[in-house]
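Below is one structure; the comments refer to it alone.
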Amino acid sequence: MEHSSRTMARVKFFSLLAVVVVIGLLHFFTPGHQAFFHDTYRRLSYFPIVLGSIWFGVRGGLFLAVMSSIFFIPHLLLYIGAAPDTYLSELTEILLYLAAGTVTGLIVNREARLRERYRRLSEKLKASYRRLHRETGLLLEAEEQLSASQKLSALGQLSASLAHEIKNPLSSIKGTAEILLDDFPEGHPKREFAQILVKEVHRLNATVDEVLQFSRGRSLGPAEEKEPLARCLEQVARLVGGHLRKKAARMTIDDPGIGATFGVESGKMSQVFLNLILNAIDAVPKKGGLIRIVLTDLEGEGIRVAVIDNGPGVSPEIRDRIFIPFVTGKEDGIGLGLSISRKIVESYGGRLELEENAGNGACFVVYLPCGTPDLESLVKSHGMAK
(Lines of atoms letter the chains of each structure in order from A and count residues from 1; the text may use other names and numbers.)
(Lines give C-alpha, C1' and ligand atoms only; values in the text may rest on other atoms or scores of the structure.)
Protein backbone atom coordinates (compact mmCIF):
# COMPACT_ATOMS: atom_id res chain seq x y z
CA MET A 1 0.00 0.00 0.00
CA GLU A 2 2.78 2.42 0.96
CA HIS A 3 4.80 1.50 -2.17
CA SER A 4 1.76 2.14 -4.39
CA SER A 5 1.20 5.54 -2.78
CA ARG A 6 4.85 6.54 -3.37
CA THR A 7 4.64 5.48 -7.01
CA MET A 8 1.48 7.55 -7.51
CA ALA A 9 3.17 10.61 -5.91
CA ARG A 10 6.13 10.30 -8.28
CA VAL A 11 3.81 10.05 -11.29
CA LYS A 12 1.99 13.21 -10.20
CA PHE A 13 5.23 15.12 -9.58
CA PHE A 14 6.86 14.27 -12.89
CA SER A 15 3.61 14.94 -14.75
CA LEU A 16 3.49 18.47 -13.30
CA LEU A 17 7.18 18.98 -14.13
CA ALA A 18 6.49 17.86 -17.70
CA VAL A 19 3.66 20.43 -17.95
CA VAL A 20 6.07 23.16 -16.75
CA VAL A 21 8.64 22.11 -19.38
CA VAL A 22 6.03 22.08 -22.15
CA ILE A 23 4.78 25.57 -21.22
CA GLY A 24 8.38 26.85 -21.18
CA LEU A 25 8.99 25.41 -24.63
CA LEU A 26 5.78 26.96 -25.93
CA HIS A 27 6.96 30.35 -24.65
CA PHE A 28 10.33 29.87 -26.34
CA PHE A 29 9.07 28.80 -29.77
CA THR A 30 6.15 31.22 -29.97
CA PRO A 31 7.12 34.56 -31.58
CA GLY A 32 7.24 37.46 -29.11
CA HIS A 33 4.68 39.60 -30.99
CA GLN A 34 1.94 36.99 -30.43
CA ALA A 35 0.97 38.42 -27.00
CA PHE A 36 -2.31 36.48 -26.77
CA PHE A 37 -0.54 33.11 -26.74
CA HIS A 38 2.13 34.25 -24.24
CA ASP A 39 -0.54 35.59 -21.88
CA THR A 40 -2.33 32.24 -22.11
CA TYR A 41 0.89 30.32 -21.33
CA ARG A 42 1.59 32.56 -18.31
CA ARG A 43 -1.84 31.79 -16.88
CA LEU A 44 -1.47 28.07 -17.57
CA SER A 45 1.76 28.08 -15.54
CA TYR A 46 -0.20 28.66 -12.34
CA PHE A 47 -1.96 25.27 -12.61
CA PRO A 48 1.13 23.03 -12.04
CA ILE A 49 2.34 25.42 -9.30
CA VAL A 50 -0.99 25.34 -7.40
CA LEU A 51 -1.45 21.57 -7.89
CA GLY A 52 2.13 20.99 -6.73
CA SER A 53 1.42 23.02 -3.59
CA ILE A 54 -1.78 21.08 -2.90
CA TRP A 55 -0.22 17.66 -3.44
CA PHE A 56 3.28 18.25 -2.03
CA GLY A 57 2.97 21.26 0.27
CA VAL A 58 5.07 24.43 0.26
CA ARG A 59 8.22 22.62 -0.92
CA GLY A 60 6.50 21.15 -3.95
CA GLY A 61 4.84 24.49 -4.79
CA LEU A 62 8.09 26.44 -4.49
CA PHE A 63 10.03 23.91 -6.54
CA LEU A 64 7.53 24.02 -9.39
CA ALA A 65 7.37 27.84 -9.14
CA VAL A 66 11.17 28.00 -9.45
CA MET A 67 11.12 25.58 -12.39
CA SER A 68 8.37 27.62 -14.07
CA SER A 69 10.49 30.74 -13.53
CA ILE A 70 13.58 29.08 -15.03
CA PHE A 71 11.67 27.98 -18.13
CA PHE A 72 10.17 31.47 -18.34
CA ILE A 73 13.65 33.12 -18.59
CA PRO A 74 14.12 32.40 -22.37
CA HIS A 75 10.88 34.26 -22.93
CA LEU A 76 12.21 37.24 -20.90
CA LEU A 77 15.26 37.44 -23.16
CA LEU A 78 12.93 38.41 -25.98
CA TYR A 79 12.09 41.63 -24.11
CA ILE A 80 15.65 42.82 -23.39
CA GLY A 81 15.98 46.31 -24.82
CA ALA A 82 12.18 46.79 -24.80
CA ALA A 83 10.45 49.53 -22.86
CA PRO A 84 11.11 49.23 -19.07
CA ASP A 85 7.40 48.88 -18.27
CA THR A 86 7.01 45.92 -20.61
CA TYR A 87 10.14 44.18 -19.29
CA LEU A 88 9.19 44.73 -15.63
CA SER A 89 5.68 43.46 -16.34
CA GLU A 90 7.11 40.19 -17.62
CA LEU A 91 9.63 39.99 -14.74
CA THR A 92 6.86 40.47 -12.18
CA GLU A 93 5.32 37.21 -13.41
CA ILE A 94 8.22 35.30 -11.84
CA LEU A 95 7.55 36.93 -8.47
CA LEU A 96 3.88 36.00 -8.78
CA TYR A 97 4.84 32.39 -9.54
CA LEU A 98 6.93 32.24 -6.36
CA ALA A 99 4.22 33.97 -4.33
CA ALA A 100 1.53 31.57 -5.62
CA GLY A 101 3.60 28.50 -4.79
CA THR A 102 4.55 29.81 -1.32
CA VAL A 103 1.09 31.03 -0.23
CA THR A 104 -0.77 27.97 -1.54
CA GLY A 105 1.80 25.63 0.02
CA LEU A 106 1.57 27.38 3.40
CA ILE A 107 -2.22 27.12 3.35
CA VAL A 108 -2.06 23.43 2.46
CA ASN A 109 0.57 22.74 5.16
CA ARG A 110 -1.53 24.55 7.75
CA GLU A 111 -4.56 22.52 6.74
CA ALA A 112 -2.52 19.30 6.99
CA ARG A 113 -1.35 20.26 10.48
CA LEU A 114 -4.94 20.97 11.50
CA ARG A 115 -6.06 17.60 10.12
CA GLU A 116 -3.30 15.85 12.05
CA ARG A 117 -4.22 17.78 15.17
CA TYR A 118 -7.88 16.84 14.82
CA ARG A 119 -6.93 13.23 14.14
CA ARG A 120 -4.88 13.05 17.35
CA LEU A 121 -7.66 14.76 19.25
CA SER A 122 -10.14 12.24 17.84
CA GLU A 123 -7.91 9.35 18.92
CA LYS A 124 -7.61 10.83 22.41
CA LEU A 125 -11.38 11.21 22.58
CA LYS A 126 -11.84 7.60 21.47
CA ALA A 127 -9.32 6.41 24.06
CA SER A 128 -11.05 8.51 26.72
CA TYR A 129 -14.41 7.09 25.71
CA ARG A 130 -13.10 3.52 25.89
CA ARG A 131 -11.52 4.20 29.28
CA LEU A 132 -14.73 5.84 30.52
CA HIS A 133 -16.78 2.92 29.22
CA ARG A 134 -14.45 0.45 30.94
CA GLU A 135 -14.43 2.39 34.21
CA THR A 136 -18.21 2.70 34.08
CA GLY A 137 -18.46 -1.07 33.68
CA LEU A 138 -16.10 -1.56 36.65
CA LEU A 139 -18.15 0.90 38.71
CA LEU A 140 -21.39 -0.89 37.89
CA GLU A 141 -19.77 -4.23 38.71
CA ALA A 142 -18.46 -2.82 42.01
CA GLU A 143 -21.92 -1.48 42.85
CA GLU A 144 -23.43 -4.87 42.04
CA GLN A 145 -20.86 -6.63 44.23
CA LEU A 146 -21.45 -4.13 47.04
CA SER A 147 -25.20 -4.69 46.80
CA ALA A 148 -24.66 -8.46 46.83
CA SER A 149 -22.29 -8.15 49.80
CA GLN A 150 -24.86 -6.14 51.72
CA LYS A 151 -27.52 -8.72 50.95
CA LEU A 152 -25.18 -11.55 51.96
CA SER A 153 -24.30 -9.75 55.18
CA ALA A 154 -27.96 -9.31 56.06
CA LEU A 155 -28.64 -12.89 54.99
CA GLY A 156 -25.74 -14.11 57.17
CA GLN A 157 -27.17 -12.39 60.23
CA LEU A 158 -30.61 -13.76 59.47
CA SER A 159 -29.17 -17.24 58.86
CA ALA A 160 -27.42 -17.22 62.23
CA SER A 161 -30.69 -16.27 63.95
CA LEU A 162 -32.64 -18.90 62.04
CA ALA A 163 -29.99 -21.53 62.68
CA HIS A 164 -30.26 -20.91 66.41
CA GLU A 165 -34.05 -21.19 66.29
CA ILE A 166 -33.94 -24.35 64.15
CA LYS A 167 -31.76 -26.26 66.63
CA ASN A 168 -34.56 -27.19 69.07
CA PRO A 169 -37.09 -28.38 66.43
CA LEU A 170 -34.30 -30.40 64.79
CA SER A 171 -33.58 -32.20 68.03
CA SER A 172 -37.26 -33.13 68.31
CA ILE A 173 -37.38 -34.32 64.70
CA LYS A 174 -34.21 -36.35 65.20
CA GLY A 175 -35.63 -38.03 68.28
CA THR A 176 -38.88 -38.83 66.48
CA ALA A 177 -36.99 -40.22 63.48
CA GLU A 178 -34.91 -42.48 65.71
CA ILE A 179 -38.10 -43.81 67.34
CA LEU A 180 -39.55 -44.54 63.89
CA LEU A 181 -36.31 -46.28 62.92
CA ASP A 182 -36.62 -48.57 65.96
CA ASP A 183 -40.17 -49.48 64.92
CA PHE A 184 -38.96 -50.81 61.55
CA PRO A 185 -36.70 -53.86 61.98
CA GLU A 186 -34.03 -54.93 59.51
CA GLY A 187 -35.57 -56.08 56.25
CA HIS A 188 -38.67 -53.91 56.60
CA PRO A 189 -39.39 -52.03 53.31
CA LYS A 190 -39.80 -48.72 55.13
CA ARG A 191 -36.65 -48.97 57.27
CA GLU A 192 -34.54 -47.51 54.44
CA PHE A 193 -36.68 -44.36 54.34
CA ALA A 194 -36.46 -43.99 58.11
CA GLN A 195 -32.66 -44.27 57.83
CA ILE A 196 -32.64 -41.57 55.15
CA LEU A 197 -34.74 -39.36 57.44
CA VAL A 198 -32.31 -39.81 60.34
CA LYS A 199 -29.31 -39.19 58.10
CA GLU A 200 -30.77 -36.04 56.52
CA VAL A 201 -31.72 -34.65 59.92
CA HIS A 202 -28.17 -35.31 61.08
CA ARG A 203 -26.79 -33.54 57.96
CA LEU A 204 -29.11 -30.59 58.50
CA ASN A 205 -28.10 -30.40 62.14
CA ALA A 206 -24.40 -30.41 61.13
CA THR A 207 -25.07 -27.61 58.63
CA VAL A 208 -26.81 -25.55 61.30
CA ASP A 209 -23.86 -26.10 63.65
CA GLU A 210 -21.47 -24.90 60.92
CA VAL A 211 -23.53 -21.76 60.35
CA LEU A 212 -23.50 -20.99 64.06
CA GLN A 213 -19.76 -21.66 64.33
CA PHE A 214 -19.03 -19.47 61.31
CA SER A 215 -21.18 -16.61 62.62
CA ARG A 216 -19.28 -16.75 65.93
CA GLY A 217 -15.93 -16.57 64.13
CA ARG A 218 -14.91 -20.14 64.92
CA SER A 219 -13.38 -22.63 62.53
CA LEU A 220 -15.60 -25.31 61.09
CA GLY A 221 -15.61 -28.81 62.42
CA PRO A 222 -13.58 -31.75 61.12
CA ALA A 223 -14.12 -33.10 57.64
CA GLU A 224 -16.81 -35.73 57.15
CA GLU A 225 -16.04 -39.35 56.52
CA LYS A 226 -15.95 -40.02 52.79
CA GLU A 227 -18.22 -42.41 50.97
CA PRO A 228 -18.46 -43.45 47.32
CA LEU A 229 -19.87 -40.88 44.93
CA ALA A 230 -22.21 -43.52 43.50
CA ARG A 231 -23.86 -43.99 46.89
CA CYS A 232 -24.13 -40.22 47.36
CA LEU A 233 -25.94 -39.92 44.00
CA GLU A 234 -28.23 -42.84 44.85
CA GLN A 235 -29.28 -41.15 48.10
CA VAL A 236 -29.95 -37.87 46.28
CA ALA A 237 -32.00 -39.81 43.69
CA ARG A 238 -34.18 -41.19 46.49
CA LEU A 239 -34.66 -37.71 47.95
CA VAL A 240 -35.85 -36.25 44.64
CA GLY A 241 -38.00 -39.26 43.75
CA GLY A 242 -41.21 -37.50 44.81
CA HIS A 243 -40.35 -34.42 42.76
CA LEU A 244 -39.68 -36.58 39.69
CA ARG A 245 -43.01 -38.41 40.05
CA LYS A 246 -44.88 -35.14 40.50
CA LYS A 247 -43.32 -33.77 37.29
CA ALA A 248 -43.66 -37.10 35.45
CA ALA A 249 -39.96 -36.81 34.67
CA ARG A 250 -37.26 -39.44 34.42
CA MET A 251 -33.68 -39.41 35.72
CA THR A 252 -30.83 -41.69 34.67
CA ILE A 253 -27.32 -42.12 36.09
CA ASP A 254 -24.69 -43.09 33.52
CA ASP A 255 -21.86 -44.48 35.64
CA PRO A 256 -19.25 -46.72 33.98
CA GLY A 257 -18.18 -47.88 37.46
CA ILE A 258 -15.93 -45.04 38.58
CA GLY A 259 -18.52 -43.69 41.05
CA ALA A 260 -17.98 -46.67 43.34
CA THR A 261 -14.25 -45.89 43.74
CA PHE A 262 -14.38 -42.11 44.02
CA GLY A 263 -14.86 -40.89 47.59
CA VAL A 264 -16.65 -37.66 48.53
CA GLU A 265 -17.92 -36.04 51.69
CA SER A 266 -21.53 -37.05 51.25
CA GLY A 267 -23.10 -34.30 53.35
CA LYS A 268 -21.62 -31.43 51.34
CA MET A 269 -21.75 -33.04 47.91
CA SER A 270 -25.34 -34.19 48.46
CA GLN A 271 -26.25 -30.54 48.86
CA VAL A 272 -24.50 -29.70 45.57
CA PHE A 273 -26.16 -32.43 43.52
CA LEU A 274 -29.51 -31.87 45.22
CA ASN A 275 -29.41 -28.20 44.13
CA LEU A 276 -28.44 -29.08 40.55
CA ILE A 277 -31.03 -31.86 40.17
CA LEU A 278 -33.87 -29.84 41.72
CA ASN A 279 -33.05 -26.98 39.32
CA ALA A 280 -33.15 -29.46 36.44
CA ILE A 281 -36.51 -30.85 37.63
CA ASP A 282 -37.94 -27.33 37.73
CA ALA A 283 -36.66 -26.69 34.18
CA VAL A 284 -37.85 -29.84 32.36
CA PRO A 285 -41.36 -30.01 30.84
CA LYS A 286 -44.18 -31.63 32.82
CA LYS A 287 -44.31 -34.60 30.51
CA GLY A 288 -41.31 -36.13 28.81
CA GLY A 289 -38.80 -34.49 31.14
CA LEU A 290 -35.42 -36.20 31.18
CA ILE A 291 -32.45 -35.60 33.48
CA ARG A 292 -29.16 -37.37 32.81
CA ILE A 293 -26.28 -37.63 35.25
CA VAL A 294 -23.14 -38.66 33.38
CA LEU A 295 -19.91 -39.62 35.17
CA THR A 296 -16.63 -39.46 33.26
CA ASP A 297 -13.19 -40.55 34.44
CA LEU A 298 -10.57 -37.85 33.80
CA GLU A 299 -7.79 -40.45 33.81
CA GLY A 300 -6.01 -39.75 37.04
CA GLU A 301 -6.89 -36.07 37.25
CA GLY A 302 -10.29 -36.53 38.86
CA ILE A 303 -13.88 -37.05 37.84
CA ARG A 304 -16.44 -35.13 35.79
CA VAL A 305 -20.12 -35.25 36.75
CA ALA A 306 -22.55 -33.64 34.29
CA VAL A 307 -26.19 -32.90 35.15
CA ILE A 308 -28.01 -32.52 31.83
CA ASP A 309 -31.70 -31.73 31.29
CA ASN A 310 -33.96 -31.29 28.26
CA GLY A 311 -35.49 -28.04 29.47
CA PRO A 312 -35.29 -24.64 27.74
CA GLY A 313 -31.74 -23.99 28.96
CA VAL A 314 -30.30 -20.94 30.70
CA SER A 315 -31.37 -17.55 29.38
CA PRO A 316 -28.55 -15.72 27.51
CA GLU A 317 -29.24 -12.61 29.62
CA ILE A 318 -28.11 -14.32 32.84
CA ARG A 319 -25.79 -17.00 31.42
CA ASP A 320 -22.59 -15.13 32.33
CA ARG A 321 -23.92 -14.20 35.80
CA ILE A 322 -25.64 -17.44 36.74
CA PHE A 323 -23.27 -18.15 39.66
CA ILE A 324 -23.52 -14.63 41.14
CA PRO A 325 -25.58 -14.53 44.37
CA PHE A 326 -29.22 -13.45 43.94
CA VAL A 327 -29.14 -13.94 40.15
CA THR A 328 -31.84 -16.43 39.16
CA GLY A 329 -33.89 -17.41 36.16
CA LYS A 330 -36.86 -18.58 38.28
CA GLU A 331 -39.75 -16.31 39.13
CA ASP A 332 -39.80 -17.56 42.73
CA GLY A 333 -36.06 -18.29 42.99
CA ILE A 334 -33.63 -16.70 45.46
CA GLY A 335 -30.46 -17.14 43.43
CA LEU A 336 -28.25 -18.68 46.12
CA GLY A 337 -28.29 -22.40 45.31
CA LEU A 338 -25.76 -22.32 42.47
CA SER A 339 -23.54 -19.79 44.25
CA ILE A 340 -23.39 -21.93 47.39
CA SER A 341 -22.87 -25.11 45.35
CA ARG A 342 -19.94 -23.56 43.47
CA LYS A 343 -18.29 -22.49 46.75
CA ILE A 344 -18.68 -26.00 48.14
CA VAL A 345 -17.12 -27.58 45.05
CA GLU A 346 -14.30 -25.01 45.01
CA SER A 347 -13.57 -25.72 48.68
CA TYR A 348 -12.51 -29.22 47.55
CA GLY A 349 -10.33 -27.80 44.77
CA GLY A 350 -12.92 -28.54 42.08
CA ARG A 351 -15.01 -26.47 39.65
CA LEU A 352 -18.70 -26.05 38.92
CA GLU A 353 -19.35 -24.74 35.42
CA LEU A 354 -22.17 -24.20 32.95
CA GLU A 355 -21.23 -25.81 29.65
CA GLU A 356 -22.78 -25.95 26.19
CA ASN A 357 -25.34 -28.68 25.66
CA ALA A 358 -25.77 -30.45 22.34
CA GLY A 359 -29.53 -30.30 22.92
CA ASN A 360 -31.65 -27.38 24.09
CA GLY A 361 -31.33 -27.85 27.83
CA ALA A 362 -28.79 -26.86 30.45
CA CYS A 363 -25.61 -28.75 31.29
CA PHE A 364 -24.01 -28.09 34.69
CA VAL A 365 -20.70 -29.89 35.23
CA VAL A 366 -18.92 -30.64 38.49
CA TYR A 367 -15.17 -31.30 38.24
CA LEU A 368 -13.68 -32.97 41.33
CA PRO A 369 -9.94 -33.60 41.67
CA CYS A 370 -8.30 -36.83 42.80
CA GLY A 371 -7.23 -37.51 46.36
CA THR A 372 -9.99 -39.95 47.30
CA PRO A 373 -9.81 -43.12 49.35
CA ASP A 374 -8.94 -46.25 47.45
CA LEU A 375 -11.54 -48.82 46.53
CA GLU A 376 -10.66 -51.28 49.32
CA SER A 377 -11.22 -48.74 52.10
CA LEU A 378 -14.53 -47.69 50.56
CA VAL A 379 -15.70 -51.28 50.23
CA LYS A 380 -14.77 -52.10 53.82
CA SER A 381 -16.34 -48.97 55.33
CA HIS A 382 -19.60 -49.13 53.32
CA GLY A 383 -19.96 -52.80 52.51
CA MET A 384 -20.03 -52.29 48.74
CA ALA A 385 -19.16 -55.10 46.42
CA LYS A 386 -16.46 -54.60 43.84
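My numbering numbers the first residue of the sequence shown as 7 and each following residue consecutively.
All C-beta atoms, glycine included, are put in the ideal place defined by N, C-alpha and C.
Small disclaimer: the values here were computed from a predicted structure and weren't measured.
Query, Result
"Bounding residues of the beta strand (DSSP E) (the contiguous stretch that carries G355)", "It is not in any beta strand (DSSP E) - G355 carries neither H nor E in the DSSP assignment."
"Beta carbon of V246 nearer than 8 Å to that of I350", "no"
"Whole-angstrom distance between L138 and T152, CA atom to CA atom", "Going by the sequence as given, residue 152 is Leu instead of Thr. If you take the alpha carbons of L152 and L138, they lie about 20 Å apart."
"Contact set for L82: own chain, Cβ-Cβ below 7 Å, skip 5 residues either direction", "E96, L97"
"Contact between the segment 247 to 259 and the segment 317 to 337 (3+ Cβ pairs under 8 Å)", "no"
"For L296: DSSP bridge partner residues", "R256"
"Per-residue burial, F20 [other beta carbons within 10 Å of its own, 16 or more giving buried]", "exposed"
"Anticipated Cβ contact below 8 Å, V114 with I60, distance rounded", "5 Å"
"Buried versus exposed call for A106 [16 or more other C-beta atoms within 10 Å across all chains shown]", "buried"
"Where F370 sits in the DSSP three-state scheme", "strand"
"Residues bridged to G269 [DSSP beta-bridge criterion]", "P234"
"First through last residue of the beta strand (DSSP E) which encompasses D315", "308 to 315"
"Three or more C-beta pairs below 8 Å linking the segment 272 to 287 and the segment 295 to 314", "yes"
"For F53, the nearest candidate out of F42, T36, A71 (CA to CA)", "A71"
"Stretch-stretch touch, CB-based, cutoff 8 Å, three pairs: the segment 229 to 242 with the segment 263 to 277", "yes"
"Helix, strand or coil at P80 according to DSSP, with G and I counted as helix", "helix"
"Among I79, G181, G356, F69, nearest to F35 - alpha-carbon criterion", "I79"
"Residue from D189, G319, S177, E184 with nearest C-alpha to L210", "S177"
"Buried versus exposed, by CB contacts within 10 Å (16 or more), F42", "exposed"
"With 16 other Cβ atoms within 10 Å as the buried cut-off, status of E307", "exposed"
"Inter-residue spacing [alpha-carbon to alpha-carbon] between Y135 and E206", "55 Å"
"Rounded separation between V320 and G367 - CA only", "8 Å"
"Three-state secondary structure (DSSP) of D261", "coil"
"Pairwise C-alpha distance: K292 and K336", "16 Å"
"Rounded C-alpha distance that separates L374 from D288", "25 Å"
"Range covered by the alpha helix (DSSP H) that runs through A364", "Element bounds for A364: n/a, residue is neither H nor E."
"Rounded Cβ spacing between V372 and L360 (contact assumed at less than 8 Å)", "Actually they are not in contact, since the Cβ atoms of V372 and L360 sit about 11 Å apart, beyond 8 Å."
"Per-residue DSSP class, three states only, for L301", "strand"
"Where P175 falls: helix, strand or coil (DSSP)", "helix"
"Alpha-carbon spacing of L203 relative to D326, whole angstroms", "37 Å"
"Which residues DSSP lists as bridging P318, in chain order", "None, per the DSSP bridge assignment."
"For P195, three-class secondary structure by DSSP", "coil"
"L42 - containing alpha helix (DSSP H), residue span", "First, the residue type needs correcting, since residue 42 is Phe and not Leu in the sequence shown. Unbroken alpha helix (DSSP H) run through F42: 41 to 50."
"Buried or exposed by the 16-neighbour rule on C-beta atoms within 10 Å, applied to Y103", "buried"
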